[in-house]
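At position 25 of the sequence shown the residue is numbered 25 (UniProt numbering), and the sequence of numbers has no breaks. First comes the structure, then the notes that go with it.
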Amino acid sequence: MVLPREPSINTLESDSEEEESIVEEEDEDDLTKIIPPQIEDTKRILKARHVLGILGFLGFANVYAMRVNLSVAIVAMINHTATATTNITNNTYDNCPVPTSANTTIKPQDGPFLWDEETQGIVLGSFFYGYVLTQVPGGRLAEIFGGKIVFGCGLLTTAFFTLLTPVAAQTNFTFFIIVRVLEGMGEGVTFPAMHAMLARWIPPLERSKFAAYVYAGANFGTILSLPISGWLCGLKFMDGWPLAFYVFGGLGIVWLAFWIYFIYDTPSSHPRICRQEQAFILASIGPQDDDDRAPVPWLRIITCVPLWAILVTMCGQAWAFYTQLTEMPTYMSEILHFDIQQNSILSAVPYFTSWIGGILISMFADWLLTKGYLSLSTSYKIFNSIGSIIPSLGLLGVAWLGCDRMLIQVVLAFTGAFSGAVYAGSSTNHIALSPKYAGTMYGITNAAGNICGFLAPYAIGLITQGKETLGQWRMVFYLAAGINMGSNLFYVAFASALEQPWSRSQRLSSAN
1 MVLPREPSIN TLESDSEEEE SIVEEEDEDD LTKIIPPQIE DTKRILKARH VLGILGFLGF
61 ANVYAMRVNL SVAIVAMINH TATATTNITN NTYDNCPVPT SANTTIKPQD GPFLWDEETQ
121 GIVLGSFFYG YVLTQVPGGR LAEIFGGKIV FGCGLLTTAF FTLLTPVAAQ TNFTFFIIVR
181 VLEGMGEGVT FPAMHAMLAR WIPPLERSKF AAYVYAGANF GTILSLPISG WLCGLKFMDG
241 WPLAFYVFGG LGIVWLAFWI YFIYDTPSSH PRICRQEQAF ILASIGPQDD DDRAPVPWLR
301 IITCVPLWAI LVTMCGQAWA FYTQLTEMPT YMSEILHFDI QQNSILSAVP YFTSWIGGIL
361 ISMFADWLLT KGYLSLSTSY KIFNSIGSII PSLGLLGVAW LGCDRMLIQV VLAFTGAFSG
421 AVYAGSSTNH IALSPKYAGT MYGITNAAGN ICGFLAPYAI GLITQGKETL GQWRMVFYLA
481 AGINMGSNLF YVAFASALEQ PWSRSQRLSS AN
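The structure is reproduced here in structure tokens:
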């Protein structure tokens with residue numbers, strides 16, 4: 001008779017470790033158990049991390065202003081009279097009637113450049129070729145050398161080439177395109193670098209609203225840049241359009257001086273931070289290594305299923321975003337017959353509501369986490385769904401409403417307010433998966449998302465084929481909404497808020 005073996009000490013220790021690991025993972029998803037109750041945050045109104053948030057917000061406002069100003073300035077740069085062609089494919093049987101109040105006498109001013117539509121597409125797209133290239137290197141460099149220098153150098157590079165843009169355009173077309181590509185490369189490091197900084201500076205219970213504060217600068221910059229660039233382009237001084245580049249490029253240089261003086265890579269390296277705030281942040285975040293040159297586990301990262309969930313949903317969000325950013329003004333002009341002034345102002349409204357809504361929704365998300373009403377993974381999935389589905393319904397609304405100009409604007413403004421919910425969803429999910437490699441992982445997903453976004457205008461061109469009809473534009477909006485909502489389903493199925501085992505082991509070993 002064989003007697004059952006008693007468990008050995010090693011077996012008991014192994015079982016204990018497995019149980020402890022399971023408990024740790026459960027606690028990790030419940031953020032109310034992470035922060036030690038005996039360590040309180042400082043009572044100061046303006047904290048060191050708030051300064052990071054303010055300057056980060058202004059930095060993103062500036063880089064987005066420098067990104068979108070060409071979209072407005074190019075109207076004043078082109079000689080429309082010389083490049084005018086007759087649109088023989090315009091169909092009136094499936095189009096909206098021109099309102100009697102529409103101002104058809106306003107003509108865009110003529111600039112010095114003879115660029116046809118294909119050339120204009122090259123000009124506007126050249127920035128994004130460089131933007132995609134530096135996403136992953138930007139995140140990795142921020143993890144090694146710190147986000148302060150990478151983010152600062154990225155914005156400085158963007159500002160420098162923005163200032164150089166008018167000279168380059170007037171010198172040589174090839175030189176102009178090279179300058180735009182280099183400008184995109186400079187801006188490409190900014191989002192991954194900031195993500196790496198958030199992982200080192202912001203306690204888990206504050207990340208959703210803090211990310212919303214900082215990244216909402218992009219919407220704020222767009223809101224300011226569209227009308228201000230239009231106003232500058234209308235001035236007679238220096239022909240107007242170069243001012244759109246000089247003003248925002250100059251603001252970038254001014255911003256850099258404040259960034260250099262006030263910002264530091266980590267709480268432990270900040271000489272002026274309140275010690276109580278420093279202790280609170282370090283206790284909340286856990287062990288962090290300030291200088292990481294260890295080999296990156298690339299295979300682990302690219303085979304991480306939750307990361308693929310983020311990548312897929314960011315692709316869907318980018319497709320919908322670029323459809324609205326690049327094509328909605330065309331729809332409003334060619335189908336709804338808004339004039340240039342109305343178009344520039346109304347195009348900014350959804351970004352305004354997204355800015356406000358993103359902050360409010362992210363504050364609500366963090367409140368739910370603080371109270372323990374939601375686990376982190378559930379919170380990510382709920383708010384990412386809100387930020388993906390409701391704006392998609394807005395695009396469907398545009399398709400269904402046809403020629404109702406007023407109601408379409410109301411729908412876009414209302415549903416746009418919910419697009420900022422992704423800040424409490426997939427946008428900050430990377431930090432939970434791997435604080436150590438958050439910048440690199442964000443670079444991977446943001447690069448993929450932007451590539452998907454760039455494909456949207458090409459697909460739209462294949463659908464419309466130069467024929468501006470309601471039926472073809474409905475197909476455009478159906479496609480964007482379907483891709484966005486479908487990719488969100490993939491995220492809900494496979495996303496996770498647990499730090500990955502390969503990240504935890506490397507982070508703890510390097511910290512020790």
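Ideal Cβ placement from N, Cα and C applies to all residues, glycine included. Keep in mind it's a predicted model, so treat the numbers as computed, not measured.
Whether residue i touches residue j by CB criterion (8 Å)
| i | j | result |
| --- | --- | --- |
| V136 | A447 | yes |
| F248 | T326 | no |
| R405 | V296 | no |
| Y331 | W473 | yes |
| G439 | G217 | no |
| G186 | T165 | no |
| V150 | A159 | no |
| V411 | G387 | no |
| R300 | W502 | yes |
| N219 | W355 | yes |
| Q324 | N484 | no |
| I263 | L55 | yes |
| I389 | A48 | no |
CA nearest to the CA of residue i, picked from the options
| i | options | result |
| --- | --- | --- |
| A212 | I177, M77 and G357 | G357 |
| P112 | V132, S385, I74 and L251 | I74 |
| S126 | A76, G184, T134 and A169 | G184 |
| G416 | N95, L396 and N429 | L396 |
| Q342 | Q409, I382 and I253 | Q409 |
| G443 | Y131, L55 and H50 | Y131 |
| A320 | G221, N488 and K148 | N488 |
| P242 | R272, A76, F490 and A413 | A76 |
| P97 | F338, G188 and M238 | F338 |
| I228 | A309, F57, I345 and T119 | I345 |
| T222 | I431, W400 and Y351 | Y351 |
| A196 | L114, R504 and I431 | I431 |
| I451 | G486, R49, F128 and N95 | F128 |
| S419 | V51, M314 and Q276 | M314 |
| A309 | T445, S434 and G147 | T445 |
| G234 | F414, V72 and L401 | V72 |
| N384 | I463, G372 and G486 | G486 |
| L336 | G402, K371, G146 and P457 | G402 |
Separation of residue j from residue i, as counted between CA atoms
| i | j | result |
| --- | --- | --- |
| L226 | G449 | 24 Å |
| V476 | T134 | 30 Å |
| S347 | L224 | 12 Å |
| W259 | G425 | 28 Å |
| R207 | G53 | 11 Å |
| L307 | G250 | 38 Å |
| S377 | G240 | 50 Å |
| V398 | G453 | 20 Å |
| G121 | V312 | 26 Å |
| L470 | L498 | 45 Å |
| V68 | F280 | 39 Å |
| E25 | S284 | With a pLDDT of 48 at E25, under the threshold of 50, the predicted position of this residue should be treated as unreliable, and no value is reported. |
| R44 | G482 | 47 Å |
| L374 | L368 | 6 Å |
| V23 | L70 | Because the pLDDT of V23 is 38, which lies under 50, any placement of that residue in the model is unreliable, and the number read from its coordinates should be weighed accordingly. C-alpha separation (whole angstroms): 53 Å. |
| A493 | L360 | 26 Å |
| G154 | V181 | 13 Å |
| residue 595 | L114 | A question about residue 595 goes unanswered here, because the residues of the chain that appear run from 1 up to 512. |
| A257 | F210 | 23 Å |
| I144 | W231 | 42 Å |
| A294 | K436 | 11 Å |
| L479 | L46 | 45 Å |
| M363 | T303 | 32 Å |
| A244 | V51 | 28 Å |
| F490 | K381 | 10 Å |
| T119 | R504 | 49 Å |
| S333 | N95 | 12 Å |
| T42 | Q276 | 5 Å |
| A193 | G146 | 8 Å |
| P329 | Q278 | 47 Å |
Closer than 8 Å to chain B by CB, residue i
| i | result |
| --- | --- |
| G394 | In the structure shown, chain B cannot be found, because there is only a single protein chain. |
Q.
Check whether the stretch 261-277 and the stretch 61-69 are in contact - that is, three or more C-beta pairs closer than 8 Å.
A. no
Practice problem: Please list the segments of the alpha helix (DSSP H) lying wholly inside the stretch 313-339, counting only runs of 4 or more residues, in order along the chain. | Solution: 328-334
ask   = Does the pairing of the stretch 168-180 with the stretch 425-436 give three or more beta-carbon distances under 8 Å?
value = no
Original post:
Where in the stretch 419-449 do unbroken runs of the alpha helix (DSSP H), each at least 4 residues long, occur, reported from the N-terminal end onward?
Top reply: 429-433
Inside the stretch 345-400 only - alpha helix (DSSP H) runs reaching at least 4 residues:
none
Give, in chain order, every unbroken run of the alpha helix (DSSP H) that is at least 4 residues long and sits entirely within the stretch 248-302. 275-285 and 298-302
Which complete beta strand (DSSP E) runs does the stretch 117-198 hold, if anything under 3 residues is left out?
none
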